[in-house]
Every structure is written in structure tokens, then in C-alpha cells.
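Here the structure comes first, spelled out in C-alpha cells, and everything after it is commentary.
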């Protein structure tokens, strides 16, 4: 069991390409932390530096209170699970699980016990005598997890381990990994580009872009209170709607306005928005906060937005509706019972208490 601390960690590749730009992060003992961001943001590079598979250009990494900058991977007491499983095809599942322990000269009895325990945890006991080619993708991923578990490391590192699985199996396996964490209580650091995985699995989420951490917090806080426009747009599916316009009026008359769109500002936001009167801001509203006016007769006519429906995507438990209001395109998420059709003209309104406002220059959240 151990914490992991990154202090001012940088990675610069030949040619001056700066992949990681001074990352500071502390992962507590037994915590499950997910690094998430778009391709090229530096998340896998961070993980590989923790593992010792990439050298550090600058900074310090410690695991369990021990600085590991100059330690080879085998001496860091970590176990890594890769995207491609990395199983030995000529070996049985039993031998794949035991191989690393045999290299470390563990006694045969202890190897057998650890293999048996890992197989029980992952429910792969019936597959111990099979070879990888006789297993499904999910079963192979379980074997890859088992090979890490038998090591009993201080820290587990996961590098997009579910990317090769189909959608249904990904859901099942992320649940299995979460249950595994609850069972073995070991520090885990997980890398993914899938923000749904990040939201459902992590105790905390680390959102990166261009080698820089933008926000570190629990999933609910990241979703409800993003620190900037990038986090607001990256976390959430479908993504947040954004509009660039100006704030007009003051007090109860404060409104966000742009050509073809005018919405009131909620009372709880007005104080923070006072200094932005007349200035350009970015207005953000999540799809679930775009509501149909026909279900809310109390909404004043001036707060309603006349829109046309361009696309309807039934998702089963919800429906994604793509609107266009005088050239302003945005997406809403409504219940299946709301019967809507392409080409229909309809009035909607925004739940303004849940709106977000961003500085157009820095991207930082105003309120």
C-alpha cells in the first residue's frame, strides 16, 4: 500500500516537444484516481513515467515515500495492465499468471496459492488450463488483471485497458475493476480518454490537456463545477452547449444576449456577473438543462426560445434532440415520453440556475 506523488514532473522529447508540463499530483494510499483527457494530453506519458517506462526530464516521483526517479520498473513495486493484454500465447492461463513470480524465484507453494487467489477473485478458475487464443476479450483482460494481482504490488497502473473491448463488455469490465479495487484496497491509477469511464470509476478525476492538469476533484464536483470551459466541454455526454455573447442590463434585468438568443441570468449568478455587464462572455448550458416549454406553462414568453428540431436520436432511456434557434445550434436531452420529430417547431427554455459563464479569453469559469 502506498501513495504516489508527482512534483513538478516534466517530459520533453527530442526536438523540444513538451509532452508533460510540470505536473503536480498526489494520489493517496488506496485511492482510485483516473487520468482523463483527449489524445496527446500527456496522460499515458504520466503513467509511463510513474512506471519507469519513460525517463523524467525534470521533477520528482515518489511511491510510498521513496523517490523512484532512478529506479528501474522492476524495483518500483508496481504492476501495470496494458491495452493489448500482453499475454504469452504459448502459455496456459495458469502459467501466464505465474510467470512473473517464477522469474522472481518465489516458492512453488506460494506461486500456486497466489494464482489460486487471483483466479478466485476474477472468476477465471475454470480457464486456468486454457491458452489465450481460447479466451474471449473479456476473459483475456481478466487474465491480464490477474497477472498484476498475483504480484501484490503497492500500486496498480492501468493504461486504457478496456479500449479493445466492445461497448457492453467495457461496461461490465469497468464494474469488475471497481469491485476489484474495493476488494483488494490498493492504490490504483487509471488512464482513459473515455470520460464516462472516468466518471463512473474514479474516486477523483484528473483532467489533462496539452500536458497540463486543468482540474483534480471528485467526479460530481468536476461535472457540476468545472474550473474552465475545457473541463466543462470535455466532461459530460453529450457535451455542454456553448454560446458567445454579451451580458446586458443589471439586477433582475440581467440577460445573456447574442443574435437570435436572449436568456435571463439567474439571481444567484448576478453578483458575480456585475463586472461583466456589456462585455463578452461564453454561456454554457448542459443538454439536460434544455427543457421543453410546453411542459412548463409558467415560463414567461420572453424567456422562451423558438427553435426548430433538426435531428432526433433515441437512446432508449433518453432522447437527444438537436435544435436550431435563429442559427444557434444546441442539443437537449429529453425523456422518451416527450414525442418530438424532425422539422418540428417548438419552444424551449434553459434552466438558468444551472448555467455556466466563462471568460472568453482565459476560458476560466466566472460562475
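Residue numbers (the working numbering): 165 to 531. Beta carbons are placed, not taken as given, at the ideal position from N, Cα and C, and that holds for glycine.
Here the alpha carbon of residue 268 sits roughly 44 Å from the alpha carbon of residue 400. In the structure shown, residue 276 adopts helical secondary structure according to DSSP, grouped into three states.
Boundaries for residue 259: no beta strand (DSSP E) harbours it, while the alpha helix (DSSP H) harbouring it runs 257-267, taken from the DSSP string.
With respect to residue 318, residue 228 sits close: the two C-beta atoms are nearer than 8 Å. Here residue 311 is not bridged, per DSSP, to any residue.
Taken in chain order, the complete alpha helix (DSSP H) segments of 4 residues or longer contained in the segment 385-469 are 393-398 and 431-437. Inter-residue distance for residue 236 and residue 183 is about 21 Å (C-alpha atoms, whole angstroms). Judged by DSSP secondary structure, residue 352 falls within the beta strand (DSSP E) whose first and last residues are 351-356. Spanning the alpha carbons of residue 446 and residue 525 requires a straight line of approximately 10 Å.
In summary, residue 249 is buried, with 16 or more beta-carbon neighbours lying within 10 Å of its beta-carbon over all protein chains present. Residue 224 has 171 as its beta-bridge partners, per DSSP. Assignment of residue 187 by DSSP, reduced to helix, strand and coil, places it in the strand class.
CA-CA distance, residue 501 to residue 515, rounds to 20 Å. Straight through space, the alpha carbons of residue 333 and residue 255 are spaced by roughly 24 Å.
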